[in-house]
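Everything on this sheet refers to the single structure shown next.
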Amino acid sequence: MTDSSLTFDVAVIGAGMAGLTCAQLLQQAGYSTIVLEKSRGLGGRVATRREKEIRADHGARYLEPKGRHLRRLVHILSAHKIVEPWTDKTYIGNDANNSLTPAASSSWCPYYVAPAGMNAVGKFLATGLEIWLSRRVLAMTPTDQETWQLLLESPAESGKMPGPQEVNARAVVVAIPAPQALTILEPVHTQLPADFMANLRSVEFEPCLSVIAGYSPNRQRDLAQREIAWKTVVFPHDEQLAWIGWDSSKRSNAQMPVFVANSNPTFAQDYLEAEDLQPAGQMLLNRAGEYLNSWLNSPDWLQVHRWRYAFVSRPIPEPCLAATVPVPVVCCGDWCGGNQIEGALESGKAAAEEINRQLRRLPMPGEGVWDVIARE
Ligand SMILES: Cc1cc2nc3c(=O)[nH]c(=O)nc-3n(C[C@H](O)[C@H](O)[C@H](O)COP(=O)(O)OP(=O)(O)OC[C@H]3O[C@@H](n4cnc5c(N)ncnc54)[C@H](O)[C@@H]3O)c2cc1C
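Mapped onto the working numbering, the consecutive letters of the sequence shown carry residue numbers 766 to 1141.
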């Protein structure tokens, strides 16, 4: 690969919902676009863990098509059999008597899930894009040629084959949580507008621990015969547990019952730096066992995932954050607007429009962006 082939119109950092949406729009408009992603998978927090035959969604639980962008995406994903309705009922775990009451059903129900795993959504949005996985962006610096130079994590560290260590781009989209964006942009803060940096620094996130718990295959038969009444339960007043879902009910070929439980932010904060997260995971399952079926506290195995930046608690009101000097850079993600997946999609779109305004003002695909992917 020659040096010149490593200069793109736009580099997008992060292959979550915001970054992939932005990259699709820009690439379809005609910009040469590269997506750089630190992890091995696509979709960011819309994540699925796969162990042998077992899949579990330890990030986003389901899609609630309550906004314009998500409604349209769910429509297209449904047409391609990537998602299907899961349930139209959420239950609330009551603290007072450990009983369940059905939540009032909302106009956007049912909730949609991907039987192949929620990361199928990211794989769909990534169709046709140039994406380098396991390539964390460590730093970016403006060059005399009016580009940003991005320094990538050494391929040796990420366990991949050697590859380029630097990428140049005429504009950069930073589609990652604001605190992670700061680690890249703080070293060049003197070259960026003060209000841009102040906005970025003002954003706050809350953490979450996600437990994936697998139970004896024998219980699968019990569940099939005497199906439990709930698939998703929220615990608004519990001190530890925020949510539990019967994850394996999303998949018709599940080999064993799998449940996923999420902690509330305070509990996650207490255990965030713990080396061994198993005890915290077990505590969450104990709580679930107290509210629901008691056997939930005795899984065959459990895994805990630490989400340091799970949910935005202090977003900025604008759909993206842009600077034109020294070289165009636009930040986006669910923290711009703060409305989870719907917000991330909207923010990715806003970032693409902003980059287009700053570069060549090409006609943009707009609403049809996902129809184009679906035809590929
Ligand atoms: C446990 C949990 C449950 C959730 N449930 C729901 C739900 O039911 N419904 C809902 O709407 N939302 C839910 N959410 C929130 C939803 O997942 C997010 O709002 C949305 O996915 C955010 O997308 P994003 O593109 O803004 O960011 P992200 O998904 O965080 O994407 C950012 C990407 O950037 C990558 N990255 C970070 N730093 C670098 C770097 N330096 N170099 C390269 N790549 C980098 C990350 O690996 C990641 O892939 C949930 C989140 C969590 C954690």
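Cβ atoms here follow ideal geometry from the backbone N, Cα and C, with glycine treated the same way.
Treat the numbers as computed from the prediction; the structure is a model and nothing was measured.
If you draw a straight line from the Cα of G1103 to the Cα of P1064, it comes to about 35 Å.
Apart from sequence neighbours up to five positions away, the residues of its chain that approach W897 with a beta-carbon distance below 6 Å are L801, ordered along the chain.
Nearest neighbour of A825 by Cα position, chosen from K817, A812, E816, turns out to be A812. Comparing alpha-carbon positions, the option among Q1047, A994, A1117 lying closest to T866 turns out to be A994. Spatial neighbours of W1066 in its own chain (CB-CB distance under 7 Å, excluding positions within 5 residues in sequence) are listed in chain order as G979. Straight across, the Cα-Cα distance linking C973 with A1045 is about 11 Å. Counting every other CB atom within 10 Å of its CB across the protein chains shown gives R805 a total below 16, marking it as exposed. In the three-state scheme derived from DSSP, where H, G and I count as helix and E and B as strand, W1135 is classed as helix. Inter-residue distance for R1126 and A934 is about 17 Å (C-alpha atoms, whole angstroms).
Here A959 is exposed: its Cβ has fewer than 16 other Cβ atoms, across all protein chains shown, within 10 Å. A1019 has its CB no nearer than 7 Å to any heavy atom of ligand 1. Counting along the chain, the unbroken alpha helix (DSSP H) around S967 starts and ends at 959-967. By alpha-carbon distance to Q930, the top candidate from F961, L903, A940 is L903. Taking E1141 as the centre and dropping the five residues before and after it, the same chain places the C-beta of T892, G893 closer than 7 Å to its C-beta, in chain order. Look at the beta carbons and you see the region 878-890 not touching the region 1051-1063: under three pairs across the two are nearer than 8 Å. The C-beta separation of Y1074 from Q945 comes to about 7 Å, placing the pair in contact by the 8 Å criterion. Shown here, F1000 sits in coil according to DSSP, grouped into three states, outside any helix or strand. Beta-carbon to beta-carbon, L957 and L950 are separated by about 7 Å, close enough to satisfy the 8 Å threshold. For the set A936, A788, A885, the Cα lying nearest the Cα of L807 is the one of A885. Distances from the alpha-carbon of V1095 to those of A1115, A1109, I1081, F1076 put A1115 closest.
In this structure, R1071 sits away from P1022, with a CB-CB distance that is not shorter than 8 Å. In this model, S1112 and V968 are separated by some 15 Å (Cα to Cα). The beta-carbon separation of A943 and L915, rounded to 18 Å, does not stay under the 8 Å limit for a contact. Note: Y856 is bridge-paired with P867, V998 in the DSSP secondary-structure output.
For A989, the number of other beta carbons within 10 angstroms of its own is below 16, and it is reported as exposed. The Cβ atoms of I1120 and L791 lie closer than 8 Å to each other.
Ranking E816, S975, P1093 by CA distance to the CA of N1027 puts S975 first. The continuous beta strand (DSSP E) containing I778 extends over residues 772-778. Under the three-state reduction of DSSP output, Q1068 falls in the strand class. Distances from the CB of W1072 to the heavy atoms of ligand 1 include at least one below 7 Å.
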